[in-house]
Amino acid sequence: MAQKLKDINAPAVFFINGMYIESDEGKEDLKKIYDMGFEIGNHTQTHANLKEISEEKQKEEILRTSELIEEVTDEKPRFFRAPFGSNTDFSRSLAKQEKMTLMNWTYGYDWEKKYQDSAALKDIMLNTEYLRDGANLLMHDRDWTNDAIVDIAEGLRDKGYTLVDPATIISEGSEDGQNE
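In UniProt numbering, the protein residues as written are 1 to 180.
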């Protein structure tokens, strides 16, 4: 998926669960994505719903993943996205303390059964009522998403949308650096 996005010059943030980069293979995969020039974001260690765990556990989930990402990239992640979009006051505060910009999504469909087909996914991603300037599209590393990713990116461009480099979000973000 990363190679396809790179080939068409489509920027993205790859949000990583730390559990997937504890192995050598996972670290190698992350390094390849990072070396292609993509931003790497923190998506917690185990994809836990932060609203259902203690503040201490939230801290472990977030900081451990940042440590693992930094081990591979030599950079702390600049973005944080809570699983299920479920931030807490504590996770917001910790992300700010760690100088991570909060990022959520406008829409995404690839986890829903009826969109686990590349043609159906492409159609909804390009024709949903939620598509608008500034929309942040959520997609996962799934076969059907991988099959549709180029058509989605090119379809967005054909509709007149510009795919934005995530680094501009940080520089154009709100006063406290938090965009949720």
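All residues carry an ideal CB built from backbone N, CA and C; glycine is no exception.
Predicted, not measured: the structure shown is a model, and the values here were computed from it.
Measure the C-alpha to C-alpha separation of residue i and residue j and round it to an integer number of angstroms.
i	j	result
Ile69	Glu129	35 Å
Thr44	Arg64	8 Å
Arg132	Thr106	9 Å
Met36	Lys113	31 Å
Glu54	Asn42	Looking at the sequence shown, residue 54 is not Glu but Ser. Approximately 18 Å between the Cα atoms of the pair.
Gln116	Ala153	18 Å
By Cβ distance, which residues of its chain are closer than 6 Å to residue i, with the 5 residues on each side in sequence left out?
i	result
His47	Asn17, Pro83
Asp110	Leu121, Met139, His140, Arg142, Thr145
Asp147	Ser118
Ala95	Phe80, Leu102
Leu5	Ala12
Phe72	Correcting the residue identity first, residue 72 is Val in this sequence and not Phe. The residues are Lys27, Leu30, Lys31.
Count the other CB atoms, across all protein chains shown, that sit within 10 Å of the CB of residue i; report buried if there are 16 or more and exposed otherwise.
i	result
Ile8	exposed
Gln97	exposed
Ser66	buried
Gln3	exposed
Gly134	exposed
Can you give me the Cβ contacts of residue i inside the same chain, cut-off strictly under 7 Å, excluding the 5 residues immediately before and after it?
i	result
Asn49	Pro83, Phe84, Ser86
Item checked: Validate contact between the region 117-125 and the region 86-93 using beta carbons, cut 8 Å, 3 pairs -> no
Next item on the list: Would you list, in sequence order, the uninterrupted alpha helix (DSSP H) runs of no fewer than 4 residues that lie entirely inside the region 92-162?
Entry: 118-127, 143-158
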